[in-house]
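Residue numbers (the working numbering): 47 to 551. Quick reminder that beta carbons are idealized off the backbone N, C-alpha and C, glycines included. This report refers to the structure that appears directly beneath it.
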RNA sequence: GCUGGAUUCGUCUAGUUGGCCCAGGACGUCAGGUUUUCAUCCUGAAAAUCGGGGGUUCGAAUCCCCCAUCCAGUACCA
């Protein structure tokens, strides 16, 4: 059996879309499961859409995700170059081969002439199609005489090469996910294979590269399904064995229908890109999963389950497990809507699973952003206490800042609800009790304070929350005596004093 | 418009050869519990007449036919 070789082939036209990441992930899982190779090819045949930095972005994104390529741009390999612009010289001969064998022809029609044809057809509520019925009336090597064609070529007139579909032929694409898909060639138009700038189009470059790189399986987005018949015909024209095809369902926007797009993320508050991206032209910044505080394994797990499942009820799967369990048969046929809540849940799960070392390292990085430093042992203590409340990495600061710095303000709603006349006096007395516990012990302190609260028949909820407001700044957080134990009795006393002064001036 | 694809709880989905499905799990939602608060956590509940309509069958989410809706493609873009 042929060795499994799959590729991910993005265009460097901007940041990598999360749907593209899923496509790459499925390719990777399939390759690794079958002991095959996973290749990164850059499809930059459209020079007008090239965006600087996009290629580097793609490589960095996969590095972050832990998805490794065996060959390709940035790695090298025996089938290089892996960038289509660098393969430019080799495509011409394949276009020529097609022309020589009657599978393609030269077309000299200007874009303006074709536009006019399209508008004309549109006016009659029809669609203009460059095909067997219209070829004869257009400016190409089928309609023109041999001499005219040669004269045009000799004169250096711009031309494209178009594929010549045989008339009335049923073309069947066997898709691993959808089964056989058949379409009649009369409904297809003669696609441009080779552009007037001397570059192949996607279709030609794709087939030539997949063949010469010995790709065994083409796993790509569903948007390619309509052009799959062309690809099948191209393999046939060249006399090459076609790879197996699998067209993945689309990733849909969470509200309504339709493909997930860049704008949806900005609108709905979740990233559409793995890494943050700054548009080099406009300067617009799009958020990324990494910068938003997602763990790469959570992103991978969530993405894997958007359109696939292991056939069991297992949901938590790391990359290695995914490699073992993945199967093309279990890929669903319909598009999947992105679900922010589930993504959040996954991230929470993976934060709970993170090793203490990793937790501390993430924690430290967040603190540095706020110019705060702390001993690893202290970080460890706070992390153990707080990690189950954290969903995203930035919360390592947002949820824990009071362990490092005194609150700068007090939640007015909480104060209004919990801070009553007499509160200050009770806090002072409780503080005295806590200070009298020598050496400090959180359980002893807790018990003695409880005695005071009960002995004075105080409202537990009110009094403890006012204490909490003083330490935290809001009515939230873990056990009070854990906080006191962490920040120290001295700091506790000064926070109490400060709260009283601020709230009851 | 044309062509192709898709259609099970709000969402992701299980359901592959018709009966074990008056449809299971997860996220979310709601209720209760735990807690001094918030979050977490635990327990429970509601939630899909399987897009609709016809068949076939003792029996259909699963097979057949028709319809509807949604999506994709329809560029010298990928």
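Check: Considering only C-alpha positions, which residue in the set 533, 170, 296 and 98 is nearest to residue 223?; Outcome: 296
Check: Thinking residue 304 and residue 332 are a contact (beta carbons under 8 Å), I'd like their distance in whole angstroms, please.; Outcome: Incorrect: roughly 19 Å between the Cβ atoms, too far for contact.
Check: Measure how close the beta-carbons of residue 291 and residue 221 come, nearest whole angstrom, since I'm counting them as under 8 Å.; Outcome: 5 Å
Check: Quick check on the burial criterion: 16 or more other C-beta atoms within 10 angstroms. Buried or exposed for residue 512?; Outcome: buried
Check: Quick check on this structure: which residue in 132, 428 and 400 has the alpha carbon closest to the alpha carbon of residue 528?; Outcome: 428
Check: Output needed for residue 479: all residues of its chain with C-beta closer than 7 Å, excluding positions within five of it in sequence on either side, in chain order.; Outcome: 494, 495 and 498
Check: In the DSSP assignment, what are the bridge partners of residue 291?; Outcome: 221 and 264
Check: List the whole-angstrom C-beta distance separating residue 189 from residue 181, where the pair is believed to meet the contact cut-off of C-beta under 8 Å.; Outcome: 7 Å
Check: Give the C-beta separation of residue 71 and residue 350 to the nearest angstrom, bearing in mind that I take them to be a contact with Cβ-Cβ under 8 Å.; Outcome: 6 Å
Check: In whole angstroms, what is the alpha-carbon distance linking residue 238 and residue 261?; Outcome: 23 Å
Check: Quick check on the DSSP output: the beta strand (DSSP E) that includes residue 473 runs from which residue to which?; Outcome: Careful: residue 473 lies outside any beta strand (DSSP E), inside the alpha helix (DSSP H) at 469-482.
Check: Based on Cα-Cα distance, which residue from 235, 67, 171 and 395 lies nearest to residue 150?; Outcome: 235
Check: Is the Cβ-Cβ distance between residue 348 and residue 319 less than 7 Å?; Outcome: no
Check: Could you tell me the distance, in whole angstroms, from the CA atom of residue 155 to the CA atom of residue 268?; Outcome: 31 Å
Check: Among residues of its own chain, excluding the 5 on either side of residue 59, which ones have a beta-carbon nearer than 6 Å to its beta-carbon?; Outcome: 95 and 97
Check: Buried or exposed for residue 157, going by 16 or more other Cβ atoms inside 10 Å?; Outcome: exposed
Check: Just to confirm my understanding: we take residue 506, look at its own chain, exclude 5 residues before and 5 after, and list those with CB closer than 7 Å. What are they?; Outcome: 499
Check: Which term fits residue 233, buried or exposed, when burial requires 16 or more other beta carbons within 10 angstroms of its beta carbon?; Outcome: exposed
Check: Restricting to Cα atoms, I'd like to know which of 537, 502 and 531 is closest to residue 516.; Outcome: 537
Check: Going by alpha carbons, who is nearest to residue 540 out of 485, 486, 502 and 473?; Outcome: 473
Check: So, do the segment 132-147 and the segment 357-375 have three or more beta carbon pairs nearer to each other than 8 Å?; Outcome: no
Check: Tell me whether residue 547 is buried or exposed, calling it buried when 16 or more other Cβ atoms sit within 10 Å of its Cβ.; Outcome: exposed
Check: Thinking just about the alpha-carbon of each residue, which of 294, 277 and 200 is nearest to the one in residue 287?; Outcome: 277
Check: Ends of the beta strand (DSSP E) at residue 456?; Outcome: Residue 456 -> no beta strand (DSSP E), and no H or E assigned at all.
Check: Within 8 Å, do at least three Cβ pairs link the segment 454-461 to the segment 419-428?; Outcome: no
Check: For residue 431 and residue 56, what's the separation of their Cα atoms in angstroms?; Outcome: 43 Å
Check: Taking C-beta to C-beta, are residue 274 and residue 91 nearer than 7 Å?; Outcome: no
Check: According to DSSP, what are the bridge partners of residue 208?; Outcome: 151 and 238
Check: Count the other CB atoms within 10 Å of the CB of residue 112; is the residue buried (16 or more) or exposed (fewer)?; Outcome: exposed
Check: Taking 7 Å as the cut-off, decide whether the C-beta atoms of residue 412 and residue 443 are in contact.; Outcome: yes
Check: Taking 7 Å as the threshold (C-beta atoms), are residue 105 and residue 123 in contact?; Outcome: no
Check: So, for residue 545: in the same chain, excluding its five sequence neighbours on each side, which residues have a beta-carbon less than 7 Å away from its beta-carbon?; Outcome: 456, 515 and 516
Check: Which term fits residue 313, buried or exposed, when burial requires 16 or more other beta carbons within 10 angstroms of its beta carbon?; Outcome: exposed
Check: What does the alpha-carbon distance come out to for the pair residue 401 and residue 329?; Outcome: 37 Å
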